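So the sequences go chain by chain: A and B.
What the first sequence shows, in the numbering used here, is residues 191 to 592, in sequence order.
What the second sequence shows, in the numbering used here, is residues 506 to 882, in sequence order.
Glycine included, each C-beta is placed from N, C-alpha and C at the ideal position.
Please read all numbers here as calculations on a predicted model, not as lab measurements.
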Amino acid sequence: MTSASETIVRPPSGPGAIYWLRKNLFSGWFNTILTVISLVAIVVVVGGLLRWAITVADWSPVVENLKLYAVGPFPSEELWRVWLIVYMVSLLMGISAGKWRGTVLTFAMGLGAAYLILSLFPMSLEYLPLNTRLRLAGNVLVLAAGFVIGLKLPIKSLWIAIAFGASFVLTLILLGGFRNAAVLPRVETGQWGGLLLTFLLAAVGIVASFPIGVGLALGRQSSLPVVKALCVLFIEAVRGVPLVTILFMASIILPLFLPEGLRIDRVLRAMIGMTLFSAAYMAENVRGGLQAIPSGQYEAAKAVGLTGIQTTSLIVLPQALRVVIPAIVGQFIALFMDTTLAIIVGLLELLAVGKAVLNSNPQWLLLDMEVYLFIAAVFWVFTYSMSFASRRVEVAVGLGKR
Amino acid sequence: MEVLQWIAQIVSAIVVIGFLIFFIRNVIDAADARGLDLGFGWMDEASGFPLSESVIDYDPSKSFGYALWVGFLNTLKVSLVGIVLATVVGLIAALSRLSSNWLVSKIATVYIDTIRNIPLLVQLFIWYFAVFQAFPSVQDALRLPGPLFLSQRGMYMTWVKPTASFVTWALIFVAGVILSIIVYRVLLHYQLRTGRSTYPFVIGTLIFVVFPLVGWFLVGSPPLQGTVPELGKFNFSGGLRLTPEFAALLVGLVIYTGAFIAEVIRAGILAVEKGQVEAARSLGLSQSQVLRLVIMPLAMRVIIPPLISQYLNLTKNSSLAIVIGYADVFFVGRTIINQAGRAVPVFLLIMACYLGLSLITSFIMNIYNRRVQLVER
């Protein structure tokens with residue numbers, strides 16, 4: 191901590207690097223020792239890691255299985271569906287970036303940069319084929335085209351939101367296909383995997399848990415004792431146990447709960463478990479927002495003659511949800527990372543693909559570090575950019591400031 | 506309106522109870538059809554499976570219920586040790602991040618931002634499969650200063666074991682702790698009343714240190730004896746052994762939760778208003794007194810609630826032990842289900858364990874919160 195007397199306002203010209211060094215690294219003997227120890231630690235750790243990554247590590251289980259990490263055992267001849275979804279998302283991202291700019295634009299630019307880097311990645315064409323690279327580069331064009339559309343055409347925000355919702359439904363239809371159909375044959379959910387499944391689990395969890403969570407939060411605040419008690423019971427029971435037990439419940443006990451003949455798909459069961467878990471946490475986030483609404487708002491709404499439902503949906507919820515945007519994004523990130531637990535009930539999400547890859551070839555037997563570090567890096571890139579975006583949004587809507 | 510509300514309540518109650526009855530009847534039907542046992546009579550049967558570690562004596566002839574109890578104690582063990590270590594790591598990281606040394610603060614920031622953005626399960630995989638499984642065999646164990654040995658069989662370290670005079674010494678130690686707290690309070694009170702310096706903190710610490718030291722020599726033989734791991738023909742003997750499962754789970758949980766705790770503590774310290782610190786300084790308190798008597802008590806009010814929920818998260822996250830085979834309550838429960846069926850009653854027990862832990866925690870937290878809450882106008 192710096193004491194008040196130390197916070198000197200820097201003159202505009204800047205006193206130079208030496209002054210900065212002395213103030214931030216070498217002020218006093220204690221700080222100097224800390225700086226030296228830190229430097230040694232950085233050199234040892236970063237140097238050692240780099241040397242290991244370049245000379246010792248064998249990255250072949252990673253580079254030779256990029257398709258598996260991306261989509262798992264999804265049939266190759268049906269991969270165009272996944273590409274179509276990626277194009278769709280790119281287009282929508284581009285349009286929203288053109289429409290709202292700001293943080294969304296930064297995010298879209300990051301996405302474009304990621305496409306470009308991947309398509310130009312210095313790696314053998316055998317593992318990252320030319321057509322994959324071309325499709326990735328094509329996504330940059332789609333993104334740019336979307337940006338121009340969003341910038342020039344007067345599209346209403348509501349329509350973009352509806353388009354996002356529709357694309358979500360379309361994604362599920364595209365991936366699943368139809369039984370006995372010629373055009374879109376059925377792809378069993380057991381063949382969904384990798385990053386694709388990770389994204390799906392997280393997206394379904396967050397989309398489905400949102401309305402349930404809002405309902406539970408309203409129920410918990412309600413003046414009706416029975417409704418309130420039921421909501422409290424559900425929220426506390428779910429929040430009190432680990433997600434693993436909920437997932438196991440969904441995968442082992444849920445089939446027992448349902449009547450004979452009604453069988454639920456394994457991926458769907460995991461999604462139900464994740465949704466219920468996420469809903470309980472979402473309810474507490476929303477409750478935080480509801481409690482932040484001053485009672486004057488309720489009184490004013492009543493004074494204008496609004497009914498209870500109108501007050502809730504027009505006055506209270508819009509304000510409450512705006513307050514809890516950061517908390518909801520934080521929960522989305524947590525849910526995204528929690529999808530790894532699906533490995534425990536036998537789903538082939540990203541981490542499970544890594545484990546399967548390691549077991550698939552005896553030559554890769556001792557390459558756990560390479561594979562899991564790669565997976566950790568993939569997660570880090572997504573979660574860090576999400577939390578970065580959320581911080582930017584927080585600043586943009588002026589939260590945390592009065 | 507009144508009538509409508511009552512109708513709404515009754516309808517929702519009927520719907521929920523109806524659903525519950527429907528589910529429970531389905532379970533009973535399914536259990537009957539498949540010959541599953543929904544009772545708890547199985548708990549007295551012999552378990553028949555070994556467990557890799559236990560706090561109390563355990564062997565496969567013990568009952569299922571006893572095995573679950575062993576698992577619960579293992580959960581408590583890794584949680585308690587983890588909570589203490591994670592708090593230490595979190596405190597160090599938080600203070601480093603607030604440090605005026607730019608480099609130290611950046612290192613802490615990188616640690617926190619990296620660890621918080623990688624799923625715990627991936628980290629556990631790295632610790633267990635990539636680190637602890639990759640250690641050399643016992644014969645070529647890595648030797649770290651300490652002496653601390655790392656091998657595939659786990660971590661061996663120098664430890665102390667209590668001797669015959671330990672109980673007497675422990676009593677003296679506890680008496681010293683109590684006395685030092687009493688003396689500190691009395692002296693502080695006296696100082697506040699009269700304004701004369703009585704050095705309560707210095708004297709309290711002195712008692713805290715001197716009592717056990719004097720006790721050590723008073724009880725005759727040393728109450729604690731060091732034991733050093735020594736490599737025998739097949740394995741180490743002596744010292745303390747941590748199984749690779751326990752060690753990997755502990756390291757993973759501590760590093761992961763430590764990053765979250767660091768942010769909790771940092772937020773708490775930053776939440777202390779500047780005016781409070783300035784006021785304390787203008788009263789003539791020294792830097793350490795400002796920290797101890799003003800900043801920390803004020804920060805604690807903000808820190809404790811989220812800190813407790815991090816402790817609870819650590820406890821719940823220890824259920825991920827299932828992927829690396831540490832014998833916690835969840836692991837034992839699943840073993841029982843695999844061996845003997847009984848999915849429904851075993852799950853009820855597992856959930857009851859975790860729910861019990863979180864209820865106790867939130868109960869304690871509410872008491873604490875009521876005590877420290879600001880009196881609002």
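For leucine 862 of chain B and valine 834 of chain B, the rounded distance between their alpha carbons: In the second sequence, counting from the first residue as 1, residue 834 of chain B sits at position 329. In the second sequence, counting from the first residue as 1, residue 862 of chain B sits at position 357. Each residue's alpha carbon lies about 13 Å from the other.
Less than 8 Å separating the beta-carbons of valine 417 of chain A and serine 824 of chain B? Numbered from its first residue, the first sequence carries residue 417 of chain A at position 227. Numbered from its first residue, the second sequence carries residue 824 of chain B at position 319. It is not a contact, given that the beta carbons lie outside the stated cut-off.
Which residues, taken in chain order from the stretch 594–614 of chain B, show a beta carbon closer than 7 Å to some beta carbon of chain A? Leu603, Ser605, Asn606, Trp607, Leu608, Val609 and Ile612
When you compare the CB positions of valine 272 of chain A and asparagine 329 of chain A, do they come within less than 8 Å of one another, or not? Numbered from its first residue, the first sequence carries residue 272 of chain A at position 82. Numbered from its first residue, the first sequence carries residue 329 of chain A at position 139. Going by C-beta atoms, valine 272 of chain A is not nearer than 8 Å to asparagine 329 of chain A.
In chain order, what are the residue ranges of uninterrupted beta strand (DSSP E) at least 3 long that sit wholly in the stretch 733–795 of chain B? 745–747
What residues of chain B sit near alanine 259 of chain A, judged by a beta carbon separation below 9 Å? Position 69 of the first sequence, counting from 1, holds the residue named residue 259 of chain A. Correcting the residue identity first, residue 259 of chain A is tyrosine in this sequence and not alanine. Those do not exist, as tyrosine 259 of chain A stays about 13 Å from chain B at its closest Cβ, beyond 9 Å.
Hey, is the stretch 476–485 of chain A in contact with the stretch 406–424 of chain A, meaning 3+ C-beta pairs nearer than 8 Å? yes
Looking at the strands, I want to know which residues DSSP matches up with tryptophan 664 of chain B. Along the second sequence, one-based indexing puts residue 664 of chain B at 159. Tryptophan 664 of chain B is bridged to B/Thr732.
Distance between alanine 845 of chain B and glycine 570 of chain B (C-alpha atoms, nearest Å): To locate residue 570 of chain B, count along the second sequence from 1; it is residue 65. To locate residue 845 of chain B, count along the second sequence from 1; it is residue 340. Taking the straight line from one Cα to the other gives about 13 Å.
Touching by the beta-carbon criterion (3+ pairs, under 8 Å), the stretch 203–222 of chain A and the stretch 598–609 of chain B: yes
Below 7 Å on C-beta distance, what does aspartate 248 of chain A contact in chain B? Locating residue 248 of chain A in the first sequence gives position 58, where the first residue counts as 1. Those do not exist, as aspartate 248 of chain A stays about 13 Å from chain B at its closest Cβ, beyond 7 Å.
Hey, is the stretch 613–627 of chain B in contact with the stretch 697–713 of chain B, meaning 3+ C-beta pairs nearer than 8 Å? no
Can you tell which of B/Gly651, B/Thr614 and B/Met660 has its C-alpha closest to the C-alpha of valine 636 of chain B? The count along the second sequence starts at 1 and reaches residue 636 of chain B at position 131. Comparing Cα positions, the closest option is B/Met660.
Below 7 Å CB to CB, which residues in the same chain sit around phenylalanine 311 of chain A once its five sequence neighbours on both sides are set aside? Residue 311 of chain A sits at position 121 when you count from the first residue of the first sequence. Answer for phenylalanine 311 of chain A: Leu318, listed in chain order.
Listed by chain order, chain B residues near valine 417 of chain A by CB distance under 9 Å: By 1-based counting over the first sequence, the position of residue 417 of chain A is 227. The contacting residues are Ala513, Gln514, Ser517 and Ala518.
Quick check on the DSSP output: the beta strand (DSSP E) that includes phenylalanine 297 of chain A runs from which residue to which? By 1-based counting over the first sequence, the position of residue 297 of chain A is 107. Where phenylalanine 297 of chain A is concerned, there is no enclosing beta strand (DSSP E), although the alpha helix (DSSP H) it sits in stretches over 292–309.
Could you check which residue in A/Trp290, A/Met313, A/Leu315 and A/Gly284 has the C-alpha nearest to that of glycine 300 of chain A? Locating residue 300 of chain A in the first sequence gives position 110, where the first residue counts as 1. The option with the nearest alpha carbon to glycine 300 of chain A is A/Gly284.
Please confirm if isoleucine 396 of chain A has its CB atom under 8 Å from at least one CB of chain B. Here residue 396 of chain A refers to the residue found at position 206 when the first sequence is read from its first residue. Cβ-Cβ to chain B under 8 Å: no for isoleucine 396 of chain A.
Residues in its own chain within less than 6 Å of phenylalanine 522 of chain A by CB, not counting five upstream and five downstream? Reading the first sequence from its first residue, position 332 is the one you call residue 522 of chain A. Closer than 6 Å at the Cβ level, and outside the excluded window around phenylalanine 522 of chain A, lie Ile396.
Taking Cβ positions, are glutamine 628 of chain B and phenylalanine 640 of chain B nearer each other than 8 Å? By 1-based counting over the second sequence, the position of residue 628 of chain B is 123. By 1-based counting over the second sequence, the position of residue 640 of chain B is 135. Not closer than 8 Å, so no.
Whole runs of the beta strand (DSSP E) within the stretch 636–688 of chain B, excluding any shorter than 3 residues: 647–649, 653–656, 659–662 and 664–667
Among A/Lys346, A/Thr435, A/Ile244 and A/Ala298, which has the Cα closest to the Cα of tyrosine 859 of chain B? In the second sequence, residue 859 of chain B corresponds to position 354, counting from 1. Considering only alpha carbons, the answer is A/Thr435.
Just the C-alpha distance for alanine 334 of chain A and valine 583 of chain A, rounded to the nearest angstrom, thanks. Numbered from its first residue, the first sequence carries residue 334 of chain A at position 144. Numbered from its first residue, the first sequence carries residue 583 of chain A at position 393. So the two alpha carbons sit approximately 22 Å from each other.
Measure the CB-CB distance between valine 535 of chain A and phenylalanine 438 of chain A and report whether it falls below 8 Å. Position 345 of the first sequence, counting from 1, holds the residue named residue 535 of chain A. Position 248 of the first sequence, counting from 1, holds the residue named residue 438 of chain A. Their beta carbons are under 8 Å apart, which means valine 535 of chain A touches phenylalanine 438 of chain A by this criterion.
The stretch 808–825 of chain B touching the stretch 515–530 of chain B, judged by at least three CB pairs closer than 8 Å: no
Listing by chain order, which chain A residues have their CB less than 8 Å from the CB of isoleucine 631 of chain B? The residue given as residue 631 of chain B occupies position 126 in the second sequence. The answer, in chain order, is Asp558, Met559, Tyr562, Leu563 and Ala566.
Measuring alpha carbon to alpha carbon, tell me which residue in A/Leu541, A/Lys492 and A/Arg291 is nearest phenylalanine 597 of chain A. Limits of chain A in this structure are 191 at one end and 592 at the other, which puts residue 597 of chain A out of reach.
Alanine 247 of chain A - DSSP class collapsed to helix/strand/coil: Here the question's residue 247 of chain A lines up with position 57 in the first sequence. Residue state, collapsed to three classes: coil.
Given 8 Å as the limit, is there contact between the stretch 379–391 of chain A and the stretch 529–548 of chain A, that is, 3 or more CB pairs closer than that? yes
Isoleucine 865 of chain B to cysteine 421 of chain A, Cα distance in whole Å? Numbered from its first residue, the second sequence carries residue 865 of chain B at position 360. Numbered from its first residue, the first sequence carries residue 421 of chain A at position 231. The alpha-carbon atoms of isoleucine 865 of chain B and cysteine 421 of chain A are separated by roughly 20 Å.
Are the CB atoms of tyrosine 563 of chain B and leucine 573 of chain B within a distance shorter than 8 Å? Along the second sequence, read from residue 1 onward, the residue named residue 573 of chain B stands at position 68. Along the second sequence, read from residue 1 onward, the residue named residue 563 of chain B stands at position 58. No, these two residues do not count as a Cβ contact at 8 Å.
Close-in-space but distant-in-sequence residues of the same chain around leucine 693 of chain B (CB under 6 Å, 5 per side omitted): The residue you call residue 693 of chain B lines up with position 188 of the second sequence. So the list reads Pro705, once near-sequence residues are dropped.
In whole angstroms, give me the CA-to-CA distance for methionine 856 of chain B and threonine 379 of chain A. Numbered from its first residue, the second sequence carries residue 856 of chain B at position 351. Numbered from its first residue, the first sequence carries residue 379 of chain A at position 189. Between methionine 856 of chain B and threonine 379 of chain A, the C-alpha separation is close to 29 Å.
Mind the definition here: the stretch 662–669 of chain B touches the stretch 723–730 of chain B only if three or more C-beta pairs lie below 8 Å; say whether that holds. yes
Alpha-carbon spacing of leucine 653 of chain B relative to valine 571 of chain A, whole angstroms: If you number the second sequence from 1, residue 653 of chain B lands on position 148. If you number the first sequence from 1, residue 571 of chain A lands on position 381. Taking the straight line from one Cα to the other gives about 36 Å.
Please report the straight-line C-alpha distance between proline 265 of chain A and alanine 566 of chain A, rounded to a whole angstrom. Here residue 265 of chain A is taken as the residue at index 75 of the first sequence, counted from 1. Here residue 566 of chain A is taken as the residue at index 376 of the first sequence, counted from 1. One C-alpha to the other measures close to 26 Å.
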